[in-house]
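Following: one structure in structure tokens, then a few remarks.
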Amino acid sequence: MTSAPIQTHPFRRRLLASAVAAGLLHGAAPLQAQGTQLEEVLVTASAREQSVQDIPYNISAMAGSEMEAQQITDQADLLRAISGVSVVDRGYRNSGTVNSIIIRGLNVDSSLNGDVSLNAVPTVSTYVDNTPLFANFVLRDIERVEVLRGPQGTLYGSGSLGGTVRYITRKPNTEEFEGQLSGSYSQTDGSEGDNTDLFGMLNIPIGNRAALRASAGRIDNDGVIDYVNAYQLNAFGEPLIDAGNGNCVSPRDASNDQLLNNGACYRNAEDADDVEIEYAKAALAWDITDRLSVRGSYHHQQDEVGARRATTLGDNNQPQDSPLYRNYGEHESGQVLLEPSSREVDLMSLDVEWDLGFATLTSNSSWYDHEGAGDSDNGGLWVSGGEDDPAASRDWIESFGYSGWPRPAQRAERGYEDDTFVQELRLISNESVAGFDWLIGGFYMDQDLVVYQNSWNPGMNAFNEACRATGSPVCDNFWPRFYSGLTERDFEYRRDVQFEEVAVYGDLTYNVSDTFRVTVGARWFDNETVNDTLMGFPLVEGWTSSEVPQSTDDDSDILLKLNLSWDVSDSAMLYGTVSEGYRRGGANAIPSLENGDNFGEPNAEAIRNYDKDTATNYEVGVKGRLDSLSYTVSAFYVDWQDPQLNATSDWYGFFLAANGDEASTQGIEMELDGYLGERFHYHLGYTYVKAELDADFISPQSGGVIAPQGSTLPGTPENVFSASVDNTWALGEDWSLVARASAYYQSEAENYINQRSVINQTFDSFWLFGASLSLVAGNWDLTLYGKNLGNEEGVTGAFTSGYWSYDTGVFEQWYGNGNRQMIVQPRTLGLTANYRF
């Protein structure tokens, strides 16, 4: 089989023998001495195989071998090792719900998002090989990861406002039988247990033209967070009742007096946020002829996470001499219910490549089924809100008429089911004709996404029956006593969104001379969204939820790109780009008060739909090399029109997306990679971003100001610095020692788009340091490593104490604290062994 030839230019060809190409794909062979002669790096970000130095915009990549050397298996660690990318680190909990990647500051959503699948898609698109999907697969048997900065709308479509991240897996190898066995053991500060990571891979040639590659693994990590005042629960998830003298009884076995008057039993759930992940993938490749090849692949992953990796600040507002008093320490959470999550994802794809001579035709077909669910403790949302001003407390237990219940429990069950088919065709020129290279493609997506929330009150029915049996004055302000048989579900929400998109795109490059090129690109798209939503208050058996009037949305437009690149010398290229990106609009399905709909919202027509948002990127840069280093420097300005904000409606809290007016981001990005001497290798990255609203963000429903002009966009630190160094010593003919160190720094960042809001919190700057020492001998290596050696909290998202807190205002018998600080993984020390054959 032959593929589209590598597109090279004069100064690139002169560099290939000695270019330090690892500046953008650092670490092509991390456990072997390399000197300064490094191989050319090939990427496929432009839909054709090219040297990374030939791509005239800012792209970084990391080899799978370097990821293995740095013990990187998850997204947060990976993206912190790549310059200019920010990420909200929530650990593995709900890790397939929201991708939380921010490039060039394009984000207006709160950093606390992540418990529910949002209406608006992320601003950074992610691909697994050729499939547009965020699944947060464990990063094993990866060929490389490519990070494209800035809008990529013409090639990658919706969601590529800030950029695109591509996870490229290793393909079956028809040349030789090979395999790998890997095991890792580690311990994390704050945990009483340990972590294990097992992985295996086999590549089996089948004749001369086919091969099968399969891998599987399991991650089993003990948690670090102690839920120190968690309810003890029965088999039905209901709080046990304190019967005195250290005895606890299920509400289903308790007396009426106990049900009406006794508090709950508590426990310390140590290391609650444990993680179990099982994953597998297989690919079968067949070169049918020298010109025609096919590859089918399958990915599967299943996650079980015990709780949220988040800590609580302060105490629970009880007298210090009370046995219920808690002053939360390091690695402690104040929630009374654990917050587990689970998910399962299956991805199947079929790739066909046919060399037609004048061009190469590729077909990429993908099907995926991705579903997950997670629980949240909403108690702090119900009872608090007035830590600074008790008069501002929400007091929802009293307001909703649930007063008197001595063991309040509010569990929000949120989940998603995503079933999608994607088909893409591309035809790419193999040779320049009259100085022109070209690419044309077509794209189709058919998605059915279900998002749901059920809010449960476990134990409420037993309390209600006691109220009905006794007529106790304890229940005077508990209205459900008038009904027999409670479902304990007082909120049901289900959103079924059907989305369909068709797009046609193309790139045309004119090689004006051997050193100067002009590229234009365009993408036409047409999409349609249908939203059917169900919402209700089915607390009493027999009560049902109502359908919300259906909402639809359709949109069609054209995106454009212009790129100029000039080889100013044999070792440097200047480029300039103007590119557009967008996120699709959609339908919110909001019932109308004016039309008399159940749960009708005022001014519902203003929020029934949301428009696409667009970003126009203006970028100039230079990339090249000087002796033993390579470099990339770029400056950018992004004009963001109609930014989409994920929010809720004013009255009943329908999930929705709304458009603002405008925002902008601007900054510089720099990367250096090279050698000092023959063995000491370094990689440095720095990014400065200023991101803010250029106009007030106005609520389309109420007309109020959500955030004023000049507000800093959340989740984006102004300054991000990353560095890694490694040195190799030859110990003998087959032995070597490799030492590595890494550092990451980010400056302050905001939690919410309005810095005056109680939902906002300014996160402190932090440093993360890592190091490893590897002993390499033939086919095996042994690595001792440490992550987050300074044991920083590194908070990047929060449920703030100003909004989620302890019981304030009217006391409602809730003894937890709902604020949560999402922290990075604490200091972890481990040992990894690899054997390759």
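Numbering-wise (the working numbering), the sequence shown opens with residue 21 and increments by one.
The beta carbon of each residue, even a glycine, is placed where N, CA and C say it ideally should be.
Since the model is a prediction, treat every value here as computed from it, not as a measurement.
Check                                                                                                                                                                        : Outcome
In terms of residue numbering, what span does the alpha helix (DSSP H) encompassing Q664 cover?                                                                              : Note, Q664: premise wrong, no alpha helix (DSSP H); beta strand (DSSP E) at Q664 to T668.
Short check: CB of E770 to CB of G170, under 8 Å?                                                                                                                            : no
Using only alpha-carbon positions, find the residue among V158, Q338, Q207 and V356 that is nearest to A250.                                                                 : V356
Would a C-beta distance cut-off of 8 Å place F456 and Y525 closer than the cut-off?                                                                                          : no
Evaluate contact between the segment 272 to 284 and the segment 150 to 170, counting only Cβ atoms and requiring at least three cross-stretch pairs below 8 Å.               : no
Can the beta-carbon of F498 be found less than 8 Å from the beta-carbon of G620?                                                                                             : no
Under a Cβ-count criterion, where at least 16 other Cβ atoms within 10 Å of its own Cβ denotes burial, should L646 be classed as buried or exposed?                          : exposed
Could you pull out every unbroken beta strand (DSSP E) segment of at least 3 residues lying fully inside the segment 171 to 202, listed in chain order?                      : 183 to 189
Quick one: Cα of I610 to Cα of V568, how far?                                                                                                                                : 7 Å
Using the DSSP secondary-structure output, state which residues sit across from P259 in a beta bridge.                                                                       : L253
Expressed to the nearest angstrom, what Euclidean distance is found between the alpha-carbon atoms of G334 and V248?                                                         : 13 Å
Tell me which residue opens and which closes the beta strand (DSSP E) that R840 is part of.                                                                                  : R840 to M842
In the DSSP assignment, what are the bridge partners of E712?                                                                                                                : S684 and T732
Identify the residues that DSSP records as bridge partners of I448: which are they?                                                                                          : T380 and L459
Compute the Euclidean distance between the alpha carbons of I843 and L222, then round it to the nearest angstrom.                                                            : 36 Å
Give me, in chain order, the residues of the same chain whose beta-carbon lies closer than 7 Å to that of R229; leave out the 5 immediate sequence neighbours on both sides. : T194, W306 and D307
Is the CB-CB distance between T736 and N78 below 8 Å?                                                                                                                        : no
Just grab the DSSP bridge partners of T507 for me.                                                                                                                           : Partner(s): none; T507 has no beta bridge.
Taking all protein chains shown into account, do 16 or more other C-beta atoms lie within 10 angstroms of the C-beta of I861, making it buried, or fewer, making it exposed? : This structure leaves residue 861 out entirely; the chain is present only between 21 and 857.
Do you know whose CA, among V403, R776 and L312, lies nearest G730's CA?                                                                                                     : R776
List the endpoints of the continuous alpha helix (DSSP H) containing W660.                                                                                                   : Counting along the chain, W660 falls outside any alpha helix (DSSP H), though it belongs to the beta strand (DSSP E) covering L649 to Q661.
Skipping 5 residues on each side, what residues in its chain have a beta carbon closer than 8 Å to that of R164?                                                             : L45, V63, A81, M82, A83, G84 and I188
Roughly how many angstroms lie between the CA atoms of G829 and Y464, to the nearest whole one?                                                                              : 53 Å
In its own chain, which residues sit with a C-beta less than 8 Å from the C-beta of C268, not counting the 5 before and 5 after it?                                          : Q252, L260, I261, D262 and C285
Which runs of the alpha helix (DSSP H) at least 4 residues long sit entirely within the segment 565 to 615? Give them in chain order.                                        : none
Kindly indicate which three-state DSSP category E485 falls into: helix, strand or coil?                                                                                      : helix
Provide the residue(s) that pair with D246 in DSSP beta bridges, ordered along the chain.                                                                                    : E352
What residues are listed by DSSP as bridge partners for M555?                                                                                                                : Y513 and S566
On a CA-only basis, which of V815, L757, E813 and S821 is nearest I779? Give me that one, please.                                                                            : S821
Do the segment 704 to 711 and the segment 679 to 687 meet, that is, are 3 or more Cβ pairs less than 8 Å apart?                                                              : yes
Opposite P225 in the DSSP bridges: which residues?                                                                                                                           : A231
Scan the segment 746 to 774 and note each continuous beta strand (DSSP E) run of 3 residues or more that stays entirely inside, going in chain order.                        : 755 to 766
Looking at F786: is its Cβ nearer than 8 Å to the Cβ of G814?                                                                                                                : yes
With which residues is L469 paired in a DSSP beta bridge?                                                                                                                    : D438 and V517
Which residues in the same chain have their Cβ closer than 8 Å to the Cβ of R190, if we skip the five residues on either side of it in sequence?                             : G84, D161, I162, E163 and R233
Along the alpha helix (DSSP H) that carries E418, what are the first and last residues, could you check?                                                                     : W416 to S419
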